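Under my numbering, the final residue of the sequence shown carries the number 788; numbering is consecutive throughout. Glycine included, each C-beta is placed from N, C-alpha and C at the ideal position. A quick note: this is a predicted structure, and the numbers were derived from the prediction, not measured. To start, the structure under review is shown below, and the notes come after it.
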Amino acid sequence: MTDPRTISELVSDQRPGWSLEQRLYTDPAIFELEIERIILRNWVLAGHVSELQEAGDFKVVNVANESAIIVRGKSGELLAHANVCRHRGSLVCLAHQGNTRKFECPYHGWMYDLDGSLLAARSMPAEFDKGPFSLHAVALEVLGGLIFICFSDRPPSLAGARADLARPFAMFGFENLKVAAKKSYEFAANWKLAIENYQECYHCASAHPEYARMHTLMLDPAKRSRVQQEMRKRMSDCGLVDLNIDFIDTHARPDEQGYGYSRTALFDGYQTGSRDGRPLAPLLGELTDFDGGASDFTVGPFSFLLAYSDHVVAYVFTPIDATHCKCEIFWLVRDDAEAGEDYDETELTWLWDVTTQADKRIIVNNWRGVQSTYYRPGPFSAMEQMQARYITWLLQQLADDKL
Ligand code: FES
Ligand SMILES: [Fe+2]
């Protein structure tokens, strides 16, 4: 039977502390609204400045129906252009990354400069003015060496994130990292299920034996706070700072991109997220010792980073369409670390590759069940509070009396 409720009625009917109703995952009108209200209005982590060092270095980033070319311009600035030809709309750049002097549309050969301006358009009338036909600009900002893009003319401010995260970014030397490995995982599932899964560790004990050996986030909140006390002692010994930034507060600030930071202890014997607990790469940034902690960063609704003392793992979850999404993972190490000498790529990527493969199975199973006629929302546990907050934020974005 068709649900007669408007989207706004559906949104306000959602029970706090429970999973969402089926229609929030399966109704194409909801996905359209998410595109407009969430996907195009928020910043997405697009990579690290070290990936684009020379003029003409570029990469293409795709989010739902949008595609952006990020390129290092002739005078060294980073730029983002909509990857949509101003002639008849073909994608201009089909390569994922590379180095070029100009972008040539594969359809009829219109040619664009690195700064997006139209250089040449074959067989157009002599009076044709190329001036107004530059590629559209996409908003780009760099935060701690991380490149963020936003497909909106009025993106939310990153000022709060820039100010509050400056200290931890400096502590781990974020600006002086390099991408040691990248992997992309596609999930046949609605994008929200992938992010919700990342937000909770209720599933970690059963689904992630590797992760659960070392990360105390798999403990319930009371047990975890006991382990945290121990880490605070270790942290003051080696000079690391425990900053707790509550991103719900910042989500509530209008026009400000939400962000978060927290630091948790690993289990005893684990210096980093490695198979045997031993270091995987040289210490990062200002760190002088391994304190056995791991820091979680969130910037906006799609991008999450986990900083160990010797490497950073960045996760970006974005929709492909209403029923498919992707998780892109970057592993970052100090920029002077040598592959094979200072780190081993297989060991570096082991934990989060095996964990993400397991998450893929969980998320796809979740999606299959959520589409059943028997699916009903269920109550969250004490270990799913981050997910509950994320859902609250999502519903706030979708809520509008006019719908
Ligand atoms: S669509 Fe690009 S040149 Fe025609
Ligand atoms: Fe997981």
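Beta-carbon proximity list for glycine 461, same chain, < 8 angstroms, skipping 5 on both sides: Ala440
8 angstroms Cβ cutoff met for glutamine 584 and tryptophan 428: Going by C-beta atoms, glutamine 584 is not nearer than 8 angstroms to tryptophan 428.
Proximal residues to proline 764 (C-beta, below 7 angstroms), its chain only, five neighbours per side dropped: Gly402, Trp403
Rounded C-alpha distance that separates serine 569 from phenylalanine 513: When rounded, the distance between both Cα atoms is 42 angstroms.
Lysine 563 versus alanine 544: straight-line alpha-carbon distance, rounded: 24 angstroms
Runs of alpha helix (DSSP H) wholly within the stretch 555–607 (minimum 4 residues, chain order): If one requires a minimum length of 4 residues, the alpha helix (DSSP H) runs lying completely within the stretch 555–607 are 576–584, 589–592, 594–599, in chain order.
Neighbouring residues (CB closer than 7 angstroms to any heavy atom of ligand 1): Cys470, His472, Arg473, Gly474, Ser475, Val477, Cys490, Tyr492, His493, Gly494, Trp495
Residue list, Cβ distance to ligand 2 heavy atoms smaller than 7 angstroms: Going along the chain, the residues that qualify are Asn582, Tyr583, His588, Cys589, Ala592, His593, Thr740, Ala743, Asp744, Ile747.
For asparagine 809, three-class secondary structure by DSSP: Because the chain in this structure spans residues 386 to 788, residue 809 falls outside the shown range and cannot be described.
Helix, strand or coil at phenylalanine 702 [DSSP, three-state]: DSSP, reduced to helix, strand and coil, places phenylalanine 702 within a strand of the structure shown.
Other residues of its chain near glutamine 613: CB distance less than 8 angstroms, five sequence neighbours each side excluded: Beyond the five residues adjoining it in sequence on each side, glutamine 613 comes within less than 8 angstroms, by CB distance, of Thr601, Thr649, Ala650 in the same chain, given in chain order.
Which listed residue (Arg486, Pro491, Asp549, Met509) has its alpha carbon closest to that of isoleucine 501: A quick correction: the sequence has glycine, not isoleucine, at residue 501. Measuring from the Cα of glycine 501, the nearest candidate turns out to be Arg486.
Cβ of tryptophan 495 within 8 angstroms of any chain C Cβ: Within the model displayed, chain C is absent; a lone protein chain is all it includes.
Integer Cβ distance of cysteine 710 from alanine 574, believed to fall under 8 angstroms: 6 angstroms
Strand pairing of tyrosine 410, partner residues [DSSP]: Looking at the DSSP assignment, tyrosine 410 forms no beta bridge with any residue, so it has no partner.
Cβ-Cβ distance between aspartate 695 and threonine 731 below 8 angstroms: Their beta carbons are not under 8 angstroms apart, which means aspartate 695 does not touch threonine 731 by this criterion.
Under the three-state DSSP convention, the category alanine 546 falls into: helix
Buried or exposed (CB count within 10 angstroms, at least 16 for buried), glycine 558: buried
Residue burial classification, leucine 669 (beta-carbon count within 10 angstroms, cutoff 16): Its Cβ being crowded by 16 or more others within 10 Å, leucine 669 is buried.
Beta-carbon contacts of threonine 635 that lie in its chain and below 7 angstroms, excluding the five residues immediately before and after: Here threonine 635 scores only 49 on pLDDT, less than 50, and its place in the model should not be relied on; the value that follows carries that caveat. Cβ-Cβ distances below 7 angstroms link threonine 635 to Gly545, Glu641, Gly643, Tyr644 in the same chain, with the five nearest sequence neighbours on each side left out; the list follows chain order.
Neighbourhood of methionine 496 by C-beta, 6 angstroms cutoff - its chain only, sequence neighbours within 5 removed: Lys487, Glu489, Leu504, Ala505
Coil, strand or helix - serine 502 by DSSP: coil
As assigned by DSSP and simplified to three states, the class of asparagine 447: strand
Supposed close pair leucine 691, serine 537 - CB separation, criterion 8 angstroms: Not quite, the Cβ-Cβ distance comes to about 27 angstroms (not below 8 angstroms), so this is no contact.
Cβ neighbours of valine 523 in the same chain (closer than 7 angstroms, five flanking residues each side left out): Closer than 7 angstroms at the Cβ level, and outside the excluded window around valine 523, lie Ala453, Ala465, His466, Ala467, Ile534, Phe536.
Collapsed DSSP secondary structure at serine 475 in the structure displayed: coil
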